Amino acid sequence: MAAVASQSLRVSLDGTRDYDILIERGCLARAGALLKDRFGERRIFIVRDAQVDAHAKALESALSAAGYSFQSITLPEGEDAKSWPVLQQTVNAMLEARLDRKSLVVALGGGVAGDHGGFAAAITLRGLDYVQVPTTLLSQVDSSVGGKTGINAPQGKNLVGAFHQPVLVLIDNTTLDTLPDRHMRAGYAEIVKYAFIRDAGFFEWLEANGAKVMARDDGALAHAVATSCAAKAAVVAADEREGGVRALLNFGHTFAHALEATCNYDRRLLHGEAVAIGMALAFDTSVRMGLCTAADAARATAHMQRLGMPTRIADIKDFPATTPDALVGLMGHDKKAIGGKLTFILSRGIGHAFVSREADIALVKEALAASMRT
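In terms of this note's numbering, the sequence shown opens at residue 1448 and continues consecutively.
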């Protein structure tokens, strides 16, 4: 498949908050011109990850060339950045920069920068426009699109936040050239998620081309990113605030968030790795409930394993001692829990996920126990 020079996707909301996702190799180098063309003169504040120095320099050079002045803040590494104290530092820095309501926040980095920067934009001066510039595969295909912003709480992940849509998403796949393989695999988990929930044809394509995506083949990577973004854009357009179909995007996440909380959100478990394990658990639970064939579950899990993703809790190095009961208890803090009832995204087969509030918790615990066995 030939490399695609540029693709633009539209996230259609209410006509006043629609925005574009621009996927273009090298677009970071002309980000200033793109922003000037779309938004004119603005004061700019950059919220960036600690690990993106080269990308930050490219962005700053592009902004300077377009005549923009800007200030920035660098977040701590990892999920520590998604905390009240760090958020307060960001908001204080934005206020001290004397931003006005026409200012533009640019979130540069992975999902942490996007979630944190977007939430800071949402609550500062009662809402500032912001641009997502995701630099990891996971953030390019998932967190940068859809307007979910927020930070973590001691009780669980992403429990404090707001729906605040960006005004533009700039995806430059050159930022993936130096991304560690482990982070590529974590991002791929979110790509295959779209196939698992709604698109069996895309899964067949991934079975044939997933290794090319992981190897950063330009054409395969561009197709996978564009297909994933288009899938998410369609879901967000249909259900912006997760009242219905958007919940499908959480396939595997109820399990994943409990695993991340058990690991105290540290680096022994990346979000995408937790999602991969969570999706395998969702398929296993679905099989145990008689909803999905064992063959489909095995096919899905085998694909993730072939590309190097963990699919069992036992695959997590130094996973803390815990029990299925404790993990289910953590799931009770999940945002999707309603009236004390857990919500799971289960599967009737590859491409056929659905929302269930009637999962058999005993069978969930059986799946967890099996996943924990070495």
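All C-beta atoms in this analysis are idealised placements derived from N, C-alpha and C, irrespective of residue type, glycine included.
Quick caveat: nothing in here was measured; it's all calculated off a predicted structure.
Nearest to residue i (by Cα), restricted to the options the options
i, options, result
"G1593", "V1616, D1547, G1737", "V1616"
"L1522", "A1509, S1508, A1540, M1736", "A1540"
"T1582", "A1703, R1472, R1548", "R1472"
"I1493", "A1476, S1586, G1479, Q1518", "Q1518"
"R1477", "L1510, V1499, R1490, Q1498", "L1510"
"R1490", "S1459, L1551, W1531", "L1551"
"A1671", "N1656, V1682, A1528", "N1656"
"K1549", "G1574, V1660, R1457", "G1574"
"F1702", "L1716, E1689, G1691, R1693", "L1716"
"R1632", "V1734, G1514, T1758", "T1758"
"S1818", "A1560, L1706, A1806", "L1706"
"V1692", "L1653, I1644, Y1515", "I1644"
"L1623", "G1648, V1499, D1762", "V1499"
"V1775", "L1793, H1750, L1754, L1810", "L1810"
"E1507", "L1584, D1527, A1480", "A1480"
"L1754", "A1761, H1630, R1485", "H1630"
"M1751", "A1684, F1650, H1704", "F1650"
"K1812", "I1792, V1802, D1772", "D1772"
Residue i, buried or exposed, once every other Cβ within 10 Å from all chains shown has been counted against 16
i, result
"R1714", "exposed"
"Q1579", "buried"
"R1804", "exposed"
"L1668", "buried"
"Q1602", "exposed"
"T1770", "exposed"
"G1779", "exposed"
"P1627", "exposed"
"P1532", "exposed"
"G1725", "buried"
"Q1535", "exposed"
"D1743", "buried"
"A1658", "exposed"
"E1720", "buried"
"D1576", "buried"
"E1543", "exposed"
"T1571", "buried"
"S1516", "exposed"
"D1461", "exposed"
"A1450", "Interpretation of A1450 is limited by its pLDDT of 45, a score under 50 that renders its predicted location unreliable; the figure taken from the coordinates is listed afterwards. Burial call: exposed."
"A1662", "exposed"
"R1545", "exposed"
Whole-number beta carbon distance between residue j and residue i, since they are thought to touch under 8 Å
i, j, result
"G1565", "H1502", "The pair is not a contact, with the Cβ atoms about 18 Å apart (cut-off 8 Å)."
"S1590", "D1562", "6 Å"
"S1709", "F1730", "It is worth fixing the name first, because residue 1709 is Thr in this sequence and not Ser. No, T1709 and F1730 are not in contact; Cβ-Cβ is about 21 Å, not under 8 Å."
"D1496", "G1556", "3 Å"
"A1467", "S1455", "According to the sequence as given, residue 1467 is Asp; it is not Ala. At roughly 5 Å, the Cβ-Cβ gap stays under 8 Å, so D1467 and S1455 are in contact."
"A1814", "T1740", "Between T1740 and A1814 the Cβ distance is about 16 Å, and since that is not below 8 Å, they are no contact."
"G1558", "S1586", "4 Å"
"K1679", "L1653", "At roughly 16 Å, the Cβ-Cβ gap does not stay under 8 Å, so K1679 and L1653 are not in contact."
"A1699", "V1722", "It should be noted that the sequence gives Gly, not Ala, for residue 1699. With a Cβ gap of about 5 Å, G1699 and V1722 count as contacting."
"L1684", "V1458", "According to the sequence displayed, residue 1684 carries Ala and not Leu. Indeed, because the Cβ distance is near 6 Å, the residues count as touching under 8 Å."
Three-state class that DSSP yields for residue i in the structure shown
i, result
"K1764", "coil"
"D1527", "helix"
"N1605", "strand"
"A1497", "coil"
"V1639", "helix"
"G1666", "helix"
"G1690", "coil"
"V1734", "helix"
"G1556", "strand"
"Q1587", "helix"
"S1794", "strand"
"K1595", "strand"
"Q1535", "helix"
"R1746", "helix"
"L1728", "helix"
"Q1612", "coil"
"F1492", "strand"
"A1806", "coil"
"G1462", "coil"
"T1769", "coil"
"A1800", "strand"
"L1815", "helix"
"K1788", "strand"
"R1457", "strand"
"L1522", "coil"
"D1467", "strand"
"V1451", "Since pLDDT at V1451 reaches only 47, below the 50 mark, its modelled position is unreliable, and no value is offered."
"A1413", "Since the first residue shown for the chain is 1448 and the last is 1821, residue 1413 is missing from the structure and cannot be characterised."
"L1475", "helix"
is_contact[residue i, chain B] using C-beta, thresh 8 Å
i, result
"G1690", "Absent from the structure: chain B. Only one protein chain is present."
Any non-hydrogen atom of the ligand SAM within 7 Å of residue i CB
i, result
"E1524", "Absence of the ligand SAM from the depicted structure is noted, as is the absence of any ligand whatsoever, leaving it without description."
query = Quick check: the segment 1632 to 1647 against the segment 1597 to 1607, are there 3 or more CB pairs under 8 Å?
reply = No, they do not touch.
ask   = Does the segment 1753 to 1770 come close enough to the segment 1793 to 1804 to have 3 or more Cβ pairs within less than 8 Å?
value = no
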